[in-house]
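Protein chains: 2
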Amino acid sequence: MDDPAPQPALPCICARVRRTARRVSQIYDRHLAAFGLTISQFGILGQIRSAGSPSIGEMAGRMVMDPTTLTRSLRPLQQRGYVVLAADSQDRRTRRLALTEAGLAALRQARPGWSAAQDEVRLALGEEASVALVARLDDTLSRLSPP
Amino acid sequence: MDDPAPQPALPCICARVRRTARRVSQIYDRHLAAFGLTISQFGILGQIRSAGSPSIGEMAGRMVMDPTTLTRSLRPLQQRGYVVLAADSQDRRTRRLALTEAGLAALRQARPGWSAAQDEVRLALGEEASVALVARLDDTLSRLSPP
DNA sequence: TCGACATGCCTGCATATGCAGCTAATCTCG
DNA sequence: CGAGATTAGCTGCATATGCAGGCATGTCGA
Numbered sequence: 000m001d002d003p004a005p006q007p008a009l010p011c012i013c014a015r016v017r018r019t020a021r022r023v024s025q026i027y028d029r030h031l032a033a034f035g036l037t038i039s040q041f042g043i044l045g046q047i048r049s050a051g052s053p054s055i056g057e058m059a060g061r062m063v064m065d066p067t068t069l070t071r072s073l074r075p076l077q078q079r080g081y082v083v084l085a086a087d088s089q090d091r092r093t094r095r096l097a098l099t100e101a102g103l104a105a106l107r108q109a110r111p112g113w114s115a116a117q118d119e120v121r122l123a124l125g126e127e128a129s130v131a132l133v134a135r136l137d138d139t140l141s142r143l144s145p146p
Numbered sequence: 000m001d002d003p004a005p006q007p008a009l010p011c012i013c014a015r016v017r018r019t020a021r022r023v024s025q026i027y028d029r030h031l032a033a034f035g036l037t038i039s040q041f042g043i044l045g046q047i048r049s050a051g052s053p054s055i056g057e058m059a060g061r062m063v064m065d066p067t068t069l070t071r072s073l074r075p076l077q078q079r080g081y082v083v084l085a086a087d088s089q090d091r092r093t094r095r096l097a098l099t100e101a102g103l104a105a106l107r108q109a110r111p112g113w114s115a116a117q118d119e120v121r122l123a124l125g126e127e128a129s130v131a132l133v134a135r136l137d138d139t140l141s142r143l144s145p146p
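Residue numbers (numbering that gives the first Met the number 0), protein chains in the order written: chain A, 0 to 146; chain B, 0 to 146.
Printed below as a string of C-alpha cells:
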C-alpha cells in the first residue's frame with residue numbers, strides 16, 4: 000500500500016528473509032529426512048563438534064538463537080543419545096554439551112544429505128549468486144549484532 | 000571440517016539464511032509486541048488486505064509457506080476477530096479469507112511498529128546494503144521456485 | 001559473613017513450521 | 001450418470017521459536 004516513510008519505498012525486509020529461510024529450509028529438510036535429521040538438528044550437531052564442549056549460552060550465541068530454543072531443540076537429540084549435557088566442574092550453573100559416538104556417527108552419515116541439498120541450492124542459484132548471497136547474509140548478520 | 004566436495008568450500012547456506020531470519024524477526028517482533036502482533040501475524044494481515052479475498056492456498060503460495068502452517072497461524076487471528084474465513088460460493092472446497100474492521104484497525108495501528116523495525120534494520124545496514132539484500136533475496140527466491 | 005546483584009539455565013505459555021494422511025468437493029471421461 | 005482422479009483444506013504428530021518469570025549458583029562489596 001502507500002508508503003509515507005521519508006525514504007523511497009522498500010518492501011518488508013523481514014518478510015523477504017523469512018520466506019527465503021522457509022524455502023531453503025524445506026530443501027535441506029527434504030534431503031535430510033532420509034537420515035532422520037532436520038537441518039536444525041544437523042546444524043546443532045555440527046556446531047557442537049566444531050565448538051568443542053560449548054555451553055548452552057555459547058551455542059545459542061553462535062547460532063543466533065534464544066537459549067531456551069536451543070534447550071528444547073536439544074531434547075530430541077538427547078533422547079536419541081546423540082548429545083549429552085553435563086554440569087561444568089568449575090561453574091555448576093553451566094551445562095556443557097558433548098557429542099556421543101552415536102551423535103558423531105549420525106552427523107557423518109547425514110552429511111551426504113546436507114551436501115545434496117547444498118548442491119541443489121548452489122546449482123539453482125549459480126556459483127556467483129551463491130557466494131554473493133552468503134556474503135550478503137554474513138554482512139547483514141554482523142551489522143545486526145546485539146547492541 | 001574437511002570439504003571433499005568438488006567445488007571450493009562454501010559454508011551452509013541454510014544456516015546463514017536461518018540465522019539472519021531469526022535475528023531480523025526478533026527485531027520486528029520486539030517493535031510489534033506493543034501492538035499485540037508478531038511479524039508473522041502482521042504479514043498475514045497485510046497480505047490478506049493487499050490480496051483481496053485470497054484462499055488459503057493462494058496465501059500460502061504468496062508467503063512461501065505450507066498451507067497447514069497458514070491454517071494454524073490464522074487461528075489466533077480468527078479468535079481475536081481480525082480475520083474471517085468463509086466458503087467460496089463457487090467452489091465449496093475453497094475457503095476465502097477476509098479482514099474484519101478490527102483486523103484492518105489492528106493492522107493500521109501496528110504500522111508504526113513495523114516502520115520502526117524496518118528503519119532500525121535499514122539504519123544498521125545502510126541504504127545500499129538494504130536494497131542489495133532485498134534484491135539478493137528476491138533473486139534467490141525466484142530461482143528456488145517450486146519444481 | 002551475608003545481602004544484593006549478576007549469571008546460566010529451565011519451565012510455562014503461546015505461536016510458527018511442515019509432513020503424512022484424512023475428508024469433502026469437484027472434475028474427467030466413458 | 002457414476003467411478004476414479006484431482007483439488008482444497010484440515011487434524012495428528014513432531015519439532016522450532018522466543019518471552020516472562022523462576023531457581024540455583026556465583027560474585028562482590030559492606
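Glycine included, each C-beta is placed from N, C-alpha and C at the ideal position.
Chain B within 9 Å of residue i, Cβ atoms only
i                 : result
Ala20 of chain A  : yes
Val130 of chain A : yes
Arg17 of chain A  : yes
Tyr81 of chain A  : no
Arg71 of chain A  : no
Ala123 of chain A : yes
Leu103 of chain A : no
Gln117 of chain A : yes
Gly112 of chain A : no
Ile47 of chain A  : no
Leu9 of chain A   : yes
Ser39 of chain A  : yes
Ser24 of chain A  : yes
Residue i classed as buried or exposed, judged by whether at least 16 other C-beta atoms fall within 10 angstroms
i                 : result
Met0 of chain B   : Any reading at Met0 of chain B must be qualified, since the residue scores a pLDDT of 47, below 50, and its modelled position is unreliable; the value itself is stated next. So Met0 of chain B ends up on the exposed side.
Arg95 of chain A  : buried
Leu122 of chain A : exposed
Gln89 of chain A  : exposed
Ser144 of chain B : exposed
Gln117 of chain B : buried
Ala86 of chain A  : exposed
Ala33 of chain A  : exposed
Ala104 of chain B : exposed
Beta-carbon spacing of residue i, residue j below 9 Å
i                 : j                 : result
Ala128 of chain B : Arg142 of chain A : yes
Leu106 of chain B : Gly45 of chain B  : yes
Thr19 of chain B  : Ala20 of chain A  : yes
Phe41 of chain B  : Gly102 of chain B : no
Ile43 of chain B  : Val83 of chain B  : no
Arg15 of chain B  : Leu140 of chain A : yes
Val120 of chain A : Ile12 of chain B  : yes
Arg48 of chain B  : Leu9 of chain B   : no
Ile55 of chain A  : Thr37 of chain A  : no
Residue i in three-state terms, based on DSSP
i                 : result
Met0 of chain B   : Annotation note: pLDDT 47 at Met0 of chain B (below 50); position unreliable, no value reported.
Val82 of chain A  : strand
Ala97 of chain B  : strand
Ser54 of chain A  : strand
Gly35 of chain B  : coil
Leu143 of chain A : coil
Asp28 of chain B  : helix
Cys13 of chain B  : helix
Gln117 of chain A : helix
Ser129 of chain A : helix
Ala8 of chain A   : coil
Short CB-CB distance (under 9 Å) between residue i and chain A
i                 : result
Leu98 of chain B  : no
Thr139 of chain B : yes
Gly35 of chain B  : no
Arg142 of chain B : yes
Arg135 of chain B : yes
Met64 of chain B  : yes
Ala50 of chain B  : no
Ser54 of chain B  : no
Leu76 of chain B  : no
Gly42 of chain B  : yes
Ala14 of chain B  : yes
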